[in-house]
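*Asks:* Under the UniProt record's numbering, the first residue of the sequence shown carries the number 1, and numbering increases by one thereafter. In this text, a Cβ means the ideal position worked out from N, Cα and C, and glycines have one as well.
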Amino acid sequence: MGCPTAAPEGVVVDRLRETVPAEPGLPDASTLERTPRVVVVGAGIAGLAAAAGLSERGVEVDVVEAADYVGGRVGGWSDTLSDGSAVAMNRGFHAFFRQYYNLRALLRRSDPHLSALTPVEDYPLVDADGRRDTFRGLPLTPPFNALAFALRSPTFRLRDLVRIDGKAAAPLATASVPKTYHDLDDRTAAEFLKDINFPDAARHLAFEVFARSFFVKPERLSAAELVTMFHIYFLGSSEGLVFDVANANFDEVLWNPLRKYLEGRGVRFHTGTSVESVGLGDGVRVRCAGDEVFAADAVVLATDVGGLRRIVAASPDLGDEDWRRRVDDVGNAPPFVVLRLWLDRPVQSDRAAFLGTGGRSPLDNVSVLERYEREAAQWAARTGGSVVELHGYSVTGGDAEVRDGLLARMHELYPETAAATIVDERLVRREDCPSFGPGDFARRPTVGTPDPRVVLAGDGIRIDLPVALMERAATTGWTAANQLLAGFGLAGHVLHTVPNRGRSAWLRRLVARTEGQRV
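What follows is the structure, encoded as structure tokens:
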């Protein structure tokens, strides 16, 4: 099965994780006749990974970012409450799983021991009937982790396990990329769960947590994405489903230190600068608002999908007609809302740092920030209150309606908050995450483009490796850098992933016998 081994910072590392070797080449651009220059558009995870990969081989890099801060959708900024308190703000909770190897490799550039991350030992899930599932204390080795979770779950009974359609559920045990997409991408996650006879109660609580990670409901999520996610976080990895969180606001402990590291390697950041278009000729010309132009040998487009569509539409030199249509077809997930509340009294001391919910629309999860975030803990200690964050995904109502619904659900789950006064609040609504609907995979744009001087990166970009969410962003960023480095004759960077096939040999053999296939 593959047992975990200890990592330097005290967490486990799966000894069966796979390595994507680096392309050979010269160790540094200083040995070239001329130093290449690359413009990276976007300073989110993907763009920062690309900038790291390029600059560490001596390539000159300019990072152009429309926002005033780096980190993209995981960025952070400062705010001031109505009482004059200076507070930290971001777009909400993010889980840094232990199997995010390539993201963690990026963060280690400025934080070798990952001291900015702290473990969340458990995140319970509660449904509309009050039934709870928990990930605490599960064995790490698949498939025993999944079996233990199922057998102790109040929403999953032994009779439910017997009723599972083994043949229909076989892709869960044999997942690999891209085969899983070729087999399942034409179906929805909801259809897949129905076909395998997965019990409704357990589906709403256990499986939908994966769908909500993509900000969509199972009826709009590709079955292949669901199966791949289950492989990454459960059956394919011995790292476990317990994760780490940033112990202070993202800008302070993650991105500002990483920016300082990159600037030390010569990377130039241009924040508050919006890219309008990219022109190709003898070189690459990246035109920004205000007619500022960056000349380069290559460009990495590491924006969100909306920004990518906009730039490509305004850049007739990029790609052929089919490629441009593929970019234009990349959609956005439905809007989500994050409501952060500063309350005048604390929530109960036994409240979890993170709670997932099912069947309690519009609420999908609750975070008690002072349990792990330094700035929130300081505010709570000073005022005697709490900082609580409510998330709603695939929301349909207006801000006022969604806010009222989120507050009502919070009062149901945490009755002590009903009497609390809201000292201040911030509501963030966004619709800039990529969608992963049925049938999207085959035509989703990849890191490479029709012109080798132009590469793409981001969590909406296809890469045929078992990665998702922030790890997909980091992996595509490193891969974009590697592709350009190969073109310059420079050495690339090693990448790692969870095993890219079903982990259990005996399960694979069983499925193969059932389907009459070879493993």
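(1) Checking 8 Å against the spacing of the C-beta atoms, do alanine 223 and leucine 172 come in under that value?
(2) Under DSSP, the beta strand (DSSP E) around valine 454 begins and ends at which residues?
(3) If you draw a straight line from the C-alpha of phenylalanine 192 to the C-alpha of arginine 131, how long is it?
(4) Consult DSSP for arginine 109 and reduce its assignment to one of helix, strand or coil.
(5) Which value, in whole angstroms, describes the spacing of the CA atoms of arginine 109 and threonine 476?
(6) Of the choices Leu140, Ala246, Gly358, Pro445, whose alpha-carbon is the least far from that of methionine 89?
(7) Excluding sequence positions up to five away, which residues of its chain have a Cβ less than 7 Å from the Cβ of arginine 429?
(8) Out of Gly460, Val423, Pro415, Thr449, which one is the CA nearest neighbour of aspartate 432?
(9) Looking at the secondary structure, which residues open and close the beta strand (DSSP E) in which isoleucine 422 lies?
(10) Around the C-beta of aspartate 83, are 16 or more other C-beta atoms found within 10 angstroms, so that it is buried, or is it exposed?
(11) Measure the C-alpha to C-alpha separation of cysteine 265 and glycine 92 and round it to an integer number of angstroms.
(12) In chain order, which continuous runs of the beta strand (DSSP E) of length 3 or greater are located wholly inside the region 251-299?
(13) Could you spell out the range, first to last residue, of the alpha helix (DSSP H) harbouring valine 227?
(14) For alanine 51, which residues in the same chain have their Cβ closer than 6 Å to its Cβ, ignoring the five residues on either side in sequence?
(15) In whole angstroms, what is the alpha-carbon distance linking threonine 180 and proline 466?
(16) Using only the alpha-carbon positions, how far apart do arginine 518 and glycine 439 sit?
(17) Spatial neighbours of glutamate 370 within its chain, please: C-beta separation below 7 Å, excluding the five flanking residues on both sides.
(18) Compare the C-alpha of aspartate 304 against each of Ser361, Gly331, Val227, Leu81 and name the closest.
(19) Consult DSSP for histidine 391 and reduce its assignment to one of helix, strand or coil.
(20) Can you give the Cα-Cα distance for alanine 95 and valine 120, rounded to whole angstroms?
(21) In its own chain, which residues sit with a C-beta less than 6 Å from the C-beta of threonine 271, not counting the 5 before and 5 after it?
*Replies:* So, from the listed chains and residues:
(1) The residue you call residue 223 lines up with position 223 of the sequence shown. The residue you call residue 172 lines up with position 172 of the sequence shown. It is not a contact, given that the beta carbons lie outside the stated cut-off.
(2) For this step, residue 454 is matched to residue 454 along the sequence shown. Looking at the DSSP string, the run of the beta strand (DSSP E) that includes valine 454 is 454-456.
(3) To locate residue 192, count along the sequence shown from 1; it is residue 192. To locate residue 131, count along the sequence shown from 1; it is residue 131. Near 24 Å, if we compare the C-alpha coordinates of arginine 131 and phenylalanine 192.
(4) Position 109 of the sequence shown, counted from the first residue, corresponds to residue 109. Coil, per DSSP.
(5) On the sequence shown, position 109 is the one that residue 109 refers to. On the sequence shown, position 476 is the one that residue 476 refers to. For arginine 109 and threonine 476, the distance between alpha carbons rounds to 17 Å.
(6) As a first step, residue 89 must be located in the sequence shown, where it is residue number 89. Checking every option, the nearest Cα to that of methionine 89 belongs to Ala246.
(7) As a working mapping, residue 429 is identified with position 429 in the sequence shown. Same-chain partners within the cutoff: Pro335, Val337, Asp399.
(8) Stepping through the sequence shown from its first residue, residue 432 is reached at position 432. In terms of Cα proximity to aspartate 432, the closest of Gly460, Val423, Pro415, Thr449 is Gly460.
(9) The residue you call residue 422 lines up with position 422 of the sequence shown. Counting along the chain, isoleucine 422 sits inside the beta strand (DSSP E) bounded by residues 422-430.
(10) Translated into the one-based positions of the sequence shown, residue 83 becomes position 83. The residue is exposed, with fewer than 16 neighbouring Cβ atoms inside 10 Å.
(11) Your numbering for residue 265 matches position 265 in the sequence shown. Your numbering for residue 92 matches position 92 in the sequence shown. In the sequence under discussion, the amino acid at residue 265 is arginine, which differs from the cysteine named in the question. Each residue's alpha carbon lies about 30 Å from the other.
(12) If we require 3 residues or more, the beta strand (DSSP E) runs fully inside the region 251-299 come out as 268-271, 275-280, 284-288, 293-296.
(13) If you number the sequence shown from 1, residue 227 lands on position 227. Note, valine 227: alpha helix (DSSP H), 223-230.
(14) Stepping through the sequence shown from its first residue, residue 51 is reached at position 51. So the list reads Val40, Val61, Val63, Leu262, Val267, once near-sequence residues are dropped.
(15) Here the question's residue 180 lines up with position 180 in the sequence shown. Here the question's residue 466 lines up with position 466 in the sequence shown. Roughly 10 Å between the two C-alpha positions.
(16) Sequence index remark: in the sequence shown, residue 518 carries index 518 (1-based). Sequence index remark: in the sequence shown, residue 439 carries index 439 (1-based). Per-residue confidence for arginine 518 stands at a pLDDT of 44, beneath the threshold of 50, marking its modelled position as unreliable; no derived number is given.
(17) Within the sequence shown, numbered from 1, the residue matching residue 370 stands at position 370. Within the same chain, Cβ atoms closer than 7 Å to the Cβ of glutamate 370 are found at Ala376, Ala377, Ala380, Ser386, Val387, the five residues on either side in sequence being excluded.
(18) For the purposes of this step, residue 304 is taken as residue 304 along the sequence shown, with counting starting at 1. Out of Ser361, Gly331, Val227, Leu81, Gly331 has the C-alpha closest to the C-alpha of aspartate 304.
(19) Residue mapping note: residue 391 aligns to position 391 of the sequence shown, counting from 1. Three-state DSSP puts histidine 391 in a strand.
(20) Your numbering for residue 95 matches position 95 in the sequence shown. Your numbering for residue 120 matches position 120 in the sequence shown. Their backbone Cα atoms lie some 9 Å apart in a straight line.
(21) Translated into positions along the sequence shown, residue 271 becomes position 271. So the qualifying residues of the chain are Glu65, Asp68.
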